[in-house]
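First the structure, in the form of structure tokens, and then the observations on it.
2 protein chains.
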Amino acid sequence: MALLNESYLELAGSYLFSEIARRIERFKQEKPDAELIRLGIGDVTQPLAGAVLEAMKQAVDELGVQETFRGYGPEQGYDFLIRQIIAHDFLSRGVPIAEDEVFVSDGAKCDTGNFQELFAQGNIVAVSDPVYPVYADSNVMAGRGRNIRLMPCTEETGMKPQLPKERVDIIYLCFPNNPTGVTLSKEELKQWVDYARENRALILFDAAYEAFIQDDQAPHSIFEIEGAREVAVEFRSFSKTAGFTGVRCAYTIVPKDVQVYDAAGQAHALNPFWLRRQTTKFNGVSYPVQAAAAAVFSPAGQQQIQATIAYYLENARIIREGLIAAGYRVFGGVNAPYIWLKTPHGMPSWDFFDQLMQQAQVVGTPGAGFGAHGEGYFRLTAFGTRENTTRALERIKNM
Amino acid sequence: MALLNESYLELAGSYLFSEIARRIERFKQEKPDAELIRLGIGDVTQPLAGAVLEAMKQAVDELGVQETFRGYGPEQGYDFLIRQIIAHDFLSRGVPIAEDEVFVSDGAKCDTGNFQELFAQGNIVAVSDPVYPVYADSNVMAGRGRNIRLMPCTEETGMKPQLPKERVDIIYLCFPNNPTGVTLSKEELKQWVDYARENRALILFDAAYEAFIQDDQAPHSIFEIEGAREVAVEFRSFSKTAGFTGVRCAYTIVPKDVQVYDAAGQAHALNPFWLRRQTTKFNGVSYPVQAAAAAVFSPAGQQQIQATIAYYLENARIIREGLIAAGYRVFGGVNAPYIWLKTPHGMPSWDFFDQLMQQAQVVGTPGAGFGAHGEGYFRLTAFGTRENTTRALERIKNM
């Protein structure tokens with residue numbers, strides 16, 4: 001008799017975006033002529049860079065010719081992409097990374113979801129609250145539901161998690177943060193690295209939004225922090241950096257210095273286990289997609305993606321300053337594409353969702369969807385078009 | 400302290416292809432002028448179909464224009480591809496499949512590796528011996544190492560697994576088979592479906608090579624068998640069907656009739672759990688890749704991929720008939736791109752590997768790499784070029 005993994009029954013329903021869709025649908029039936037502006041889901045809207053398009057099409061053409069056809073590539077990614085990643089994303093910031101520490105994948109969601117497979121079920125797992133749901137959900141699926149410790153991020157803590165007072169073994173951090181948009185200074189991030197070194201804990205650092213950092217002092221990579229190579233894994237993505245949400249490419253850095261422990265306390269290097277996981281259960285990223293990702297690092301590609309990032313950051317500024325002018329308390333939106341606002345008078349976040357949709361025809365994401373400490377907050381994203389963003393803020397100001 | 404999933408320590412080393420590479424390297428150093436012909440790894444060599452290239456490039460162009468840009472797609476795949484899959488791969492054979500029973504992914508390796516996540520650790524898992532290693536390895540990683548039951552495939556059983564005599568809960572079947580190249584008749588496959596229905600077991604059916612079936616009577620899908628919708632999941636791939644090993648697209652069918660059970664014996668539909676797994680840990684396949692896969696089903700795409708499959712099948716015929724003429728005992732190579740040969744005089748398969756490389760400069764895959772019952776056998780693939788395949792067989796005949 002085929003027995004279910006009953007941990008799946010513990011999962012909360014995939015409620016957030018389906019409930020948003022349900023409310024939008026009802027609203028449209030009531031007001032068919034209303035022009036809704038969607039600043040809810042964190043998906044990009046600007047087209048791919050020209051250099052990326054050209055590289056991808058050229059790679060497709062290569063697959064049409066016997067002499068240049070490529071079949072299976074290395075599961076870890078092609079050298080031509082890995083070398084660009086190391087040079088542009090790490091060496092340029094003084095961080096040496098070896099080629100066999102880079103694992104190219106089809107998404108940071110996949111990597112952050114799959115990485116917990118490498119660990120024993122008994123690990124205590126710390127995640128922020130509010131938080132991107134994948135970290136917790138993937139651990140619930142693996143039977144660690146009761147081992148999850150929430151780290152509240154509140155106005156008092158500047159929306160940042162505090163060092164745990166009880167034992168934790170694996171810590172998910174995401175900076176610049178989704179959903180709050182805040183980032184950590186080097187000094188703040190160093191406290192986490194020091195904590196992990198003292199407690200032989202592991203930090204799973206999601207840096208999917210690092211391209212939006214404007215503050216020269218803020219770290220783009222956790223490996224800018226001394227000692228992080230011993231205790232951290234970093235997830236990066238081309239999704240928001242280069243508009244690849246529909247193209248699918250990301251990568252994960254697993255330094256060879258990171259150690260994990262067996263039940264007898266014996267240390268093991270982590271890197272070979274992720275290699276084994278990926279070579280067993282993954283077959284590498286599409287060759288044209290990897291060629292497209294490599295073109296992101298070309299001079300033309302860099303110029304084009306920086307222009308798009310500047311475009312989204314200007315949207316973020318418009319949202320942030322517009323909200324402040326309208327009297328809202330606001331977090332994020334400076335080094336991140338997300339703006340986290342406090343609802344007026346402690347209004348529940350789903351009520352604010354309805355009010356915003358009814359009175360301003362603007363759709364955002366209720367903070368409660370990201371965890372209990374997201375209640376009373378609301379997320380807007382900077383990934384819309386300029387026109388829609390400007391119109392949305394005018395409507396909010398006139399509410 | 401971050402604790403390792405110690406099941407990873409139980410995994411046998413990823414030995415097969417690295418050992419083959421090591422022996423090839425040594426041979427090349429000894430005989431730098433020898434022209435090796437590789438009929439070992441199961442990777443395709445023929446370029447993509449023109450219709451596929453055009454569709455993929457057009458999709459890339461769409462991503463370069465604001466009005467046609469696409470970001471995140473549905474994790475389960477785009478409707479335009481799912482409808483083509485249903486019409487061409489199932490309805491055409493009289494098998495109705497609903498759109499929400501199809502899950503598009505980036506590879507059958509990923510899907511066959513990940514699917515076991517949905518099941519409790521205590522399930523008894525049956526795999527053939529010899530076998531594609533992912534089924535067993537992914538279960539070892541999940542802590543089911545001691546729950547794996549091997550089903551020997553021997554000359555006496557026609558290289559086919561026999562119905563288990565002890566309890567098993569989850570059964571991996573692959574037909575046409577990798578590595579033996581044999582397939583099952585409808586009557587034979589029906590025995591497995593009946594077994595699963597009687598025992599409330601689940602069949603995970605890997606049909607990655609179905610496009611190579613020539614025998615009109617052989618089933619392409621397990622869902623051609625009465626009752627299979629209650630007890631089977633099917634994995635399909637564009638890798639060998641359309642040369643997508645470097646492009647990455649596959650799909651999995653999870654019928655809504657399939658039930659699994661909790662510890663109390665309560666039945667649950669399986670389909671929503673795979674949907675939840677994929678929406679939580681996967682972000683969909685690259686849009687240009689899905690557009691390319693849909694073009695496989697166009698009239699021009701079908702004509703072009705059928706020509707390539709016929710090319711590989713002619714290679715298979717050349718290998719099969721050449722080996723028989725040279726006195727070998729041979730399996731497969733008729734409805735499959737793999738030819739499974741018995742080594743002469745019971746020679747160990749690694750010794751035959753060395754002999755073939757030394758005397759014929761041909762590289763194949765030792766059967767022992769696929770399991771203990773692969774010892775004494777050897778796999779050749781039909782995915783080479785015609786010229787190399789013909790030359791390889793001439794050399795083998797002259798050995």
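These protein sequence lines map, in sequence, to chains A and B.
Read in this note's numbering, the first sequence has 380 at position 380, and its numbers run on one by one without any break.
Read in this note's numbering, the second sequence has 766 at position 367, and its numbers run on one by one without any break.
For every residue, glycine included, the Cβ atom is placed at its ideal position computed from N, Cα and C.
In this text the structure is predicted, and so the values were computed from the model without any measurement.
(1) Using only the alpha-carbon positions, how far apart do residue 587(B) and residue 269(A) sit?
(2) Chain E partners of residue 110(A), CB-CB under 8 Å?
(3) Can you check whether the C-beta of residue 101(A) is within less than 8 Å of a C-beta belonging to chain B?
(4) Among 81(A), 174(A), 399(A), 106(A), which residue has its Cα nearest to the Cα of residue 250(A)?
(5) Taking the continuous beta strand (DSSP E) assigned at residue 656(B), which residues delimit it?
(6) Do you know offhand how far residue 488(B)'s Cα is from residue 482(B)'s?
(7) Could you tell me which whole beta strand (DSSP E) segments of length 3 or greater appear in the segment 50 to 105 of chain A?
(8) Please state the DSSP three-state secondary structure of residue 539(B).
(9) Report the CB separation of residue 332(A) from residue 338(A) in whole angstroms; it is logged as a contact under 8 Å.
(10) Please state if the CB of residue 619(B) and the CB of residue 778(B) are separated by a distance shorter than 8 Å.
(11) Just to confirm the assignment, what range does the alpha helix (DSSP H) spanning residue 207(A) have?
(12) Starting from residue 332(A), trace the beta strand (DSSP E) both ways and give me its first and last residue.
(13) What residues match up with residue 752(B) in a beta bridge as DSSP calls it?
(14) Please determine if the segment 441 to 455 of chain B and the segment 565 to 572 of chain B are in contact, where contact requires at least 3 C-beta pairs separated by less than 8 Å.
(15) Using only alpha-carbon positions, find the residue among 229(A), 262(A), 247(A) that is nearest to residue 53(A).
(16) Just how far apart, CA to CA, sit residue 728(B) and residue 742(B)?
(17) Hey, out of 201(A), 152(A), 114(A), whose CA is closest to residue 540(B)'s CA?
(18) The alpha helix (DSSP H) that contains residue 221(A), what's its start and end?
(19) Do residue 222(A) and residue 230(A) have their CB atoms nearer than 8 Å?
(20) Please say whether residue 121(A) and residue 143(A) have beta carbons closer to each other than 8 Å?
(21) List, in chain order, every chain A residue whose beta-carbon is nearer than 8 Å to that of residue 655(B).
(22) For a contact meaning CB atoms closer than 7 Å, what does residue 535(B) contact in chain A?
(23) If you follow the beta strand (DSSP E) that residue 152(A) is part of, which residue opens it and which one closes it?
(24) Let me check understanding here. Comparing Cα to Cα, which of 407(B), 773(B), 786(B) lies closest to residue 388(B)?
(25) To which residues does DSSP link residue 340(A) through a beta bridge?
(26) Cutting at 7 Å between CB atoms, please list the residues of its own chain near residue 794(B), excluding the five before and the five after it.
(27) In chain order, what residues of the same chain have a beta carbon less than 6 Å from the beta carbon of residue 228(A), not counting five sequence neighbours either side?
(28) Between the segment 676 to 683 of chain B and the segment 469 to 476 of chain B, do three or more beta carbon pairs fall short of 8 Å?
(29) With 16 as the cutoff for other CB atoms within 10 Å, does residue 414(B) come out buried or exposed?
(30) Whole-angstrom Cβ separation of residue 766(B) and residue 529(B), contact assumed at under 8 Å?
(31) Pick from 500(B), 495(B), 535(B): whose alpha carbon is nearest that of residue 411(B)?
(32) Buried or exposed for residue 18(A), going by 16 or more other Cβ atoms inside 10 Å?
(33) Compare the beta carbon distance of residue 213(A) and residue 252(A) with 8 Å and say whether it is the shorter of the two.
(34) Tell me the DSSP secondary structure of residue 566(B) in three-state form.
(35) Check for me: the alpha helix (DSSP H) holding residue 267(A) runs from which residue to which?
(36) Which first and last residues belong to the alpha helix (DSSP H) in which residue 429(B) is found?
This is what the structure gives:
(1) If you take the alpha carbons of residue 587(B) and residue 269(A), they lie about 47 Å apart.
(2) Looking at the structure shown, chain E is missing, and the protein chains on hand are A and B.
(3) It does not; no Cβ of chain B falls within 8 Å.
(4) 106(A)
(5) Run containing residue 656(B): none; DSSP gives neither H nor E here.
(6) 10 Å
(7) 102 to 105
(8) helix
(9) 5 Å
(10) no
(11) First-last for residue 207(A): undefined, no H or E at that position.
(12) 330 to 332
(13) In DSSP, residue 752(B) forms no bridge with anything.
(14) Contact fails: fewer than three Cβ-Cβ distances are below 8 Å.
(15) 247(A)
(16) 8 Å
(17) 114(A)
(18) Taken as a continuous stretch (DSSP letters only), residue 221(A) belongs to no alpha helix (DSSP H), as it is neither H nor E.
(19) no
(20) Their beta carbons are under 8 Å apart, which means residue 143(A) touches residue 121(A) by this criterion.
(21) Per Cβ cutoff of 8 Å: no residues; residue 655(B) is ~15 Å from chain A at best.
(22) In chain order: nothing, as chain A lies at least about 10 Å away.
(23) 148 to 152
(24) No answer is possible for residue 388(B): the residues shown for chain B start at 400 and end at 798.
(25) 331(A), 379(A)
(26) 759, 760, 761
(27) So the qualifying residues of the chain are 193, 222.
(28) yes
(29) Exposed.
(30) 6 Å
(31) Cα-wise, what sits closest to residue 411(B) is 535(B).
(32) Around the beta carbon of residue 18(A), a 10 Å sphere encloses fewer than 16 other beta carbons of the protein chains shown; the residue is thus reported as exposed.
(33) no
(34) coil
(35) Careful: residue 267(A) lies outside any alpha helix (DSSP H), inside the beta strand (DSSP E) at 267 to 269.
(36) 415 to 429
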